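Enquirer: All letters in the sequence shown, in the order written, are residues 1 to 281 by UniProt numbering.
My questions will all concern the structure given below.
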Amino acid sequence: MTVLTINKLTSSVGAEVIGLDSDRLVADDAMGAAVLEALEDNGVLVFPQLHLDPQAQVEFCRRLGEVDHSSDGHHPVAGIYPVTLDKSKNASAAYLRATFDWHIDGCTPTNDEYPQKATLLSARQVAERGGETEFASSYGAYDTLTEDEKERLSSLRVVHSLEASQRRITPDPSPELLARWRARPTHEHPLVWTHRNGRRSLVLGASADYVVGMDLEDGRALLAELLDRATTAEKVYRHSWSVGDTVIWDNRGVLHRAAPYDPDSPREMLRTTVLGDEPIQ
Ligand code: OGA
Ligand code: MN
1 MTVLTINKLT SSVGAEVIGL DSDRLVADDA MGAAVLEALE DNGVLVFPQL
51 HLDPQAQVEF CRRLGEVDHS SDGHHPVAGI YPVTLDKSKN ASAAYLRATF
101 DWHIDGCTPT NDEYPQKATL LSARQVAERG GETEFASSYG AYDTLTEDEK
151 ERLSSLRVVH SLEASQRRIT PDPSPELLAR WRARPTHEHP LVWTHRNGRR
201 SLVLGASADY VVGMDLEDGR ALLAELLDRA TTAEKVYRHS WSVGDTVIWD
251 NRGVLHRAAP YDPDSPREML RTTVLGDEPI Q
């Protein structure tokens with residue numbers, strides 16, 4: 001018997017898992033491997049109306065790998081981080097406006113951690129308007145390049161920084177804020193990530209600052225063009241949230257962003273991330 005029943009949501013990214021309740025997700029020993037496999041195949045898994053409680057969410061994530069505790073302290077349950085623009089629910093809310101730009105979680109870690117294997121969000125409160133989460137395949141971004149481009153891009157390296165992603169939403173930082181951004185080390189990654197599974201993807205998004213050894217503006221124009229091509233509307237799965245939905249994505253193979261929503265909206269997602277075990281290489 002197959003463990004999961006899934007429906008693909010677009011031809012390139014996203015699948016919906018149906019007929020599953022939260023008790024089974026947490027209790028069934030076969031679930032971890034089945035979800036990881038489906039995640040690798042589809043990039044994003046949607047579990048509509050799962051109503052997973054925070055404890056169960058962390059327990060389930062433990063089946064997928066080691067749970068990230070580096071953002072603990074913003075929610076009573078260890079392993080849960082509230083994603084919201086409401087500062088009363090999360091003191092670091094201001095940084096989260098950067099989620100409005102396409103990105104890959106974990107490209108600018110505090111130390112040298114690998115990108116999170118999986119990020120999971122469960123909707124606690126949704127925005128009245130906007131606030132969908134959009135996904136595009138970064139494997140697809142590579143696969144749809146011409147052979148010439150694959151060759152030309154194969155040796156390029158890109159510097160990623162927290163400053164690059166924050167500047168897009170806060171172009172005029174105070175010296176103190178800039179110093180805080182710069183306290184986070186920058187990271188140089190190859191543009192083309194060759195994965196353990198043999199697939200290749202493009203490492204793009206808001207944290208990508210410049211291409212090493214290339215004219216600054218030319219390099220930025222190239223990154224912007226590749227990102228535009230990877231995220232055209234027909235390549236995107238857009239999740240419109242209902243309270244109780246859970247969505248998981250694989251940062252090795254997808255780019256994502258939040259669609260804009262009112263900064264005063266009560267929108268709140270409970271987030272758990274699973275540590276990665278594969279470097280960008
Ligand atoms: C994240 C993120 C998008 C959203 O939590 O990493 O990018 O829609 N969230 O809130
Ligand atoms: Mn993110």
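Where a beta carbon is used, it is the ideal one built from N, C-alpha and C, also for glycine.
Since we're looking at a predicted model, the values are computed, not measured.
What whole-angstrom Cβ distance do residue 60 and residue 254 have, given they're in contact under 8 Å?
Expert: Contact doesn't hold; Cβ gap of about 20 Å is too wide.
Enquirer: Have a look at residue 66 and residue 242 and give me their C-alpha separation to the nearest angstrom.
Expert: Their Cα atoms are separated by approximately 28 Å.
Enquirer: Residue 71 to residue 50, Cα distance in whole Å?
Expert: Roughly 24 Å between the two C-alpha positions.
Enquirer: Give the residues whose C-beta lies closer than 6 Å to at least one heavy atom of the ligand MN, in chain order.
Expert: That gives 99, 103, 105, 256.
Enquirer: Give a yes or no on whether the C-beta atoms belonging to residue 126 and residue 219 are separated by under 9 Å.
Expert: No, these two residues do not count as a Cβ contact at 9 Å.
Enquirer: Go through the region 188–237 residue by residue and report every complete run of the alpha helix (DSSP H) that reaches 4 residues or more, in order.
Expert: For the region 188–237, whole alpha helix (DSSP H) runs of length 4 or above, ordered along the chain, are 216–230.
Enquirer: Under 8 Å: does the beta carbon of residue 157 sit that close to some heavy atom of the ligand OGA?
Expert: No, Cβ of residue 157 sits at least 8 Å from all heavy atoms of the ligand OGA.
Enquirer: Just confirm the distance between the C-beta atoms of residue 101 and residue 259, as a whole number of angstroms; I'd bet it's less than 8 Å.
Expert: About 11 Å separates the two Cβ atoms, so there is no contact after all.
Enquirer: If I measure Cβ to Cβ from residue 83 and keep anything under 8 Å in the same chain, skipping five residues before and after, which residues do I get?
Expert: So the list reads 90, 96, 99, 121, 268, 269, 270, 271, once near-sequence residues are dropped.
Enquirer: Within its chain, find whatever has a CB closer than 7 Å to the CB of residue 1; leave out the 5 residues flanking it on each side and keep chain order.
Expert: A caution first: residue 1 carries a pLDDT of 48, below 50, which makes its placement in the model unreliable, though a value can still be read off. No residues qualify anywhere along the chain.
Enquirer: Determine whether the beta carbon atoms of residue 92 and residue 56 lie at a separation below 9 Å.
Expert: No, the Cβ-Cβ distance between residue 92 and residue 56 is not below 9 Å.
Enquirer: Could you say if the region 129–144 and the region 228–237 meet the contact criterion of at least three C-beta pairs nearer than 8 Å?
Expert: Counting Cβ pairs under 8 Å, three or more are found: they touch.
Enquirer: Throw me the rounded Cβ distance for the residue 190 and residue 280 pair, which I believe falls under 8 Å.
Expert: Going by Cβ atoms, the distance from residue 190 to residue 280 rounds to 7 Å, so yes, they are a contact pair.
Enquirer: Closer than 8 Å: is that where the CB of residue 91 sits relative to any heavy atom of the ligand OGA?
Expert: False, no ligand heavy atom lies under 8 Å from that Cβ.
Enquirer: Are the CB atoms of residue 192 and residue 161 within a distance shorter than 9 Å?
Expert: Not a contact, by the Cβ cut-off of 9 Å.
Enquirer: Can you tell me whether residue 268 is helix, strand or coil according to DSSP?
Expert: If DSSP states are grouped into helix, strand and coil, residue 268 belongs with the strands.
Enquirer: Given a cut-off of 9 Å, decide if residue 9 and residue 35 are closer than it, judged by their beta-carbon atoms.
Expert: Cβ distance not < 9 Å, so residue 35 and residue 9 don't count as in contact.
Enquirer: Ignoring anything shorter than 3 residues or poking outside the region 26–100, list the beta strand (DSSP E) runs there in chain order.
Expert: Taking only runs of at least 3 residues, the beta strand (DSSP E) segments lying wholly in the region 26–100 are 44–47, 81–83.
Enquirer: Using the beta-carbon count (16 or more within 10 Å), is residue 231 buried or exposed?
Expert: Answer is buried; the Cβ neighbour count reaches 16.
Enquirer: In whole angstroms, what is the alpha-carbon distance linking residue 128 and residue 39?
Expert: In a straight line, the C-alpha of residue 128 is about 29 Å away from that of residue 39.
Enquirer: Residue 278 by DSSP, collapsed to three states: which one?
Expert: Coil at residue 278, not helix or strand.
Enquirer: Under 9 Å, do residue 251 and residue 143 count as touching if we go by C-beta distance?
Expert: No. Outside cutoff.
Enquirer: Within the present structure, is the beta-carbon of residue 43 separated from the nearest heavy atom of the ligand OGA by less than 8 Å?
Expert: Checking the Cβ of residue 43 against the ligand OGA gives no.
Enquirer: If you follow the beta strand (DSSP E) that residue 134 is part of, which residue opens it and which one closes it?
Expert: Residues 133–137.
Enquirer: If you run the structure through DSSP and keep just helix, strand and coil, what is residue 157?
Expert: Residue 157 falls in the strand class under three-state DSSP.
Enquirer: Give me, in chain order, the residues of the same chain whose beta-carbon lies closer than 8 Å to that of residue 15; leave out the 5 immediate sequence neighbours on both sides.
Expert: Contacts found: 6, 7, 8, 9, 38, 41, 42, 44, 45, 46.
Enquirer: Alpha carbon to alpha carbon, how far is residue 87 from residue 54? Give it in angstroms, no decimals.
Expert: Near 20 Å, if we compare the C-alpha coordinates of residue 87 and residue 54.
Enquirer: Does the distance between the C-beta of residue 236 and the nearest non-hydrogen atom of the ligand OGA fall short of 8 Å?
Expert: No - the ligand OGA has no heavy atom lying nearer than 8 Å to the Cβ of residue 236.
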